[in-house]
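Take the sequence shown: its position 182, counting from 1, is numbered 190 in our numbering, and each next residue is one higher. Notes follow the structure.
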Amino acid sequence: MHTTATDGTATISEMILAAKSRGLKYIAITDHSKRVSMANGLDADRLRLHWQEIDKVRGQFSGIEVLRGIECDILEDGTLDLDDQVLSEADWVIAVLHYGLRQPQEQIDLRLLNAIRNPHVSIIGHPSARIINKRPPVAWSFETILKSAAEHGVMMEINASYQRLDLDDIQAAAARDLGIPIVISTDAHSTGGLDGMEYGVYQARRAGLTKAEVANTWPFEDFRNRIRGKSPSRST
Ligand SMILES: [Zn+2]
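Right, dumping it as structure tokens:
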């Protein structure tokens, strides 16, 4: 979810409060990286300050875990918008395509594969980048991409925004068949945006997913231990 640090309309504490009031046990704050300049995206310095603020605010709440995350752009050339050092300091890194969406399939695949190979990337967000009735999905060979995600321990998102619903049902089922944990994300830009979760659940059901196959239904410890590079056995 987003906050006023970039293009959200609610502050960190308002989002935490709204999440708590909806019974959520954990959330990830994932504002934009700098490439999304129209959303006032964060560079490394501002991101670290934002995380300090999250640290301070989350300490004021009990009964909910708050991950310090980032929605990091995968640039047109396949590199990430932020460097490895700052990404390594995140609890949760969503890598996404926002620009260069009309590139040929080879280049889109290369970008997604590069992101998946980066050891700090936790998940690919709204993987096809479609906007329903407005923008077609990128040209991507989703089977190749999903196979690579499975190999590298990268999760895949069902973005619950009713304009996205991305992964679609076929792709989400294919990801599930490869054992990839699916996360249903609201991508909320306001407190009310958290209510969009419902549409992501419908999309997951349409794909035939069960609760156990949706990672953010798991207890927080189990979820955190499955984040690539963050499990206790692998962090030493
Ligand atoms: Zn996005």
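Don't be surprised by glycine CBs; every beta carbon is placed ideally from N, CA and C. None of the values given here were measured: they were computed from a predicted structure.
Per the DSSP secondary-structure output, TRP100 pairs in a beta bridge with GLY77. Contact annotation: LEU217 and ALA182 have beta-carbon atoms that are not nearer than 8 Å.
Around the beta carbon of SER45, fewer than 16 other beta carbons lie within 10 angstroms, which makes this residue exposed. Rounded to whole angstroms, the gap between the alpha carbons of GLN111 and VAL104 is 15 Å.
Counted as a single uninterrupted DSSP element, the stretch harbouring VAL191 is not any alpha helix (DSSP H) but the beta strand (DSSP E) occupying residues 190–193. Of the residues ASP53, GLN113, ALA212 and TYR207, the one whose Cα lies closest to the Cα of ALA180 is ALA212. PRO227 sits exposed, since fewer than 16 C-beta atoms from the chains shown fall within 10 Å of its C-beta. Around the beta carbon of ARG30, a 10 Å sphere encloses fewer than 16 other beta carbons of the protein chains shown; the residue is thus reported as exposed. Among the bridge pairs identified by DSSP, ALA36 is matched with LEU75.
Taking 8 Å as the cut-off, the beta carbon of MET205 is found closer than this to the beta carbon of ILE192.
For VAL65, the secondary structure class from DSSP, reduced to helix, strand or coil, is helix. A contact between stretches requires three or more CB pairs, one per stretch, nearer than 8 Å, and the segment 114–131 meets this requirement with the segment 153–170. Residue nearest to GLU97 within the set ALA52, PHE69 and ALA220 is ALA52 (criterion: CA-CA distance). Note on geometry: alpha-carbon atoms of VAL74 and ARG138 lie some 28 Å from one another. In this structure, GLY133 has its CB closer than 7 Å to one or more heavy atoms of ligand 1. Between SER149 and ASP117, the C-beta gap is smaller than 8 Å, which places the two residues in contact. By the C-beta criterion, the segment 196–204 is judged not to be in contact with the segment 232–240, since fewer than 3 inter-stretch pairs fall below 8 Å.
Annotated three-state conformation of ARG138 is coil, per DSSP. With fewer than 16 other Cβ atoms from the protein chains shown falling within 10 Å of its own Cβ, SER70 counts as exposed.
In this structure THR11 is buried. Its beta-carbon is surrounded by 16 or more other beta-carbon atoms within 10 angstroms.
Under DSSP, ILE131 shares a beta bridge with ILE102 and MET163. With a cutoff of 8 Å on beta-carbon distance, ALA157 and ILE178 are scored as not near each other.
When distances are taken from the beta-carbon of GLU165 to the heavy atoms of ligand 1, even the shortest one reaches 7 Å or more. Here TYR207 is near ALA168, since their CB atoms are less than 8 Å apart.
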